[in-house]
Every structure is written in C-alpha cells, then in structure tokens.
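For reference, the structure is listed below as structure tokens.
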Amino acid sequence: MSEFKNISNHQGQVIKDSDAAQNKPAKVIFAIVIAIIADILSIVLSFAPEFAIPANMLLVAILSFLLGFKFLYLPAALIETFPFLSAMPFWTAATLYSIYKNKQDSKK
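Note that the working numbering numbers the sequence shown so that position 78 is 179, with each residue one more than the last.
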C-alpha cells in the first residue's frame with residue numbers, strides 16, 4: 102500500500118521527463134529545418150491544393166511528433182493551402198512559437 106502513496110510524485114516525474122524529451126536539441130533543429138523546407142515547398146504547392154493539403158497534414162503530424170501537438174499547427178496548415186498566403190513563413194513561425202511554448206512550459 103505504501104507504494105501507491107507516492108504515485109503522484111512519480112507521475113509528475115514522468116511528465117517532466119517527457120517534457121525534457123520534447124526539447125532535445127536534435128529534435129528542435131530537425132523541426133526547424135523541416136518547417137523552413139515546408140515553407141519553401143508550400144510556395145510551389147500553393148497552386149496545386151490536391152498536393153498541398155495532404156503535405157500540410159503530414160507536416161502537422163511530423164511537427165506534433167517532434168515537438169508535441171499545438172493547436173497553432175492547424176490554422177497554419179489551412180493558411181498554407183491558399184495561393185499568395187503561402188509565401189509567408191507560417192510553418193517556421195508556428196514551429197518557433199511551439200519551441201518557445203515548450204521551453205516556457207518546462208520552466209514551470
């Protein structure tokens with residue numbers, strides 16, 4: 102029975118460990134590089150929405166896997182499918198904001 106008394110301490114440690122795993126430098130750098138490449142490709146794919154929409158959804162999944170899901174990825178995916186709006190670096194901005202929020206959350 103005494104093993105269950107400290108379960109809340111262990112759960113907090115597991116959450117902190119998973120947050121630390123989310124902020125590994127290799128994952129962060131890889132996510133930024135993918136976002137920059139996606140912004141460049143979205144300019145090309147903006148006039149072919151049949152390719153842009155699945156590519157953006159795949160990017161949401163990849164970034165969620167690397168940095169954790171943020172709601173901001175969904176509007177970024179939607180905006181990146183419109184011609185002329187895709188010239189803006191929404192993926193890079195969303196990725197950098199996600200990294201910022203993960204660091205802010207890990208400090209608490």
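Every residue gets a Cβ at the ideal spot worked out from N, C-alpha and C, and that includes glycine.
Using CA coordinates, which residue listed in Tyr201, Asp206, Tyr174 is at the minimum distance from Ile158? In the sequence shown, residue 158 corresponds to position 57, counting from 1. Note that residue 158 is Met in the sequence shown here, rather than Ile. Selected option, being the one with the closest Cα: Tyr174.
In terms of alpha-carbon separation, which member of Ala127, Pro150, Val145 lies closest to Leu179? Here residue 179 refers to the residue found at position 78 when the sequence shown is read from its first residue. Taking only the C-alpha atoms, the option nearest Leu179 is Pro150.
Do Leu146 and Ala153 have their C-beta atoms closer together than 8 Å? Here the question's residue 146 lines up with position 45 in the sequence shown. Here the question's residue 153 lines up with position 52 in the sequence shown. Yes.
Which residues in the same chain have their Cβ closer than 6 Å to the Cβ of Leu186, if we skip the five residues on either side of it in sequence? Residue numbering aside, residue 186 sits at position 85 when the sequence shown is read from its first letter. For Leu186, where only same-chain residues beyond five positions count, the Cβ hits under 6 Å are Ile180.
Can you list, in chain order, the residues of its chain with a C-beta nearer than 8 Å to that of Leu142? Leave out the 5 residues immediately preceding and following it. The residue labelled residue 142 in the question sits at position 41 within the sequence shown. Ala156, listed in sequence order.
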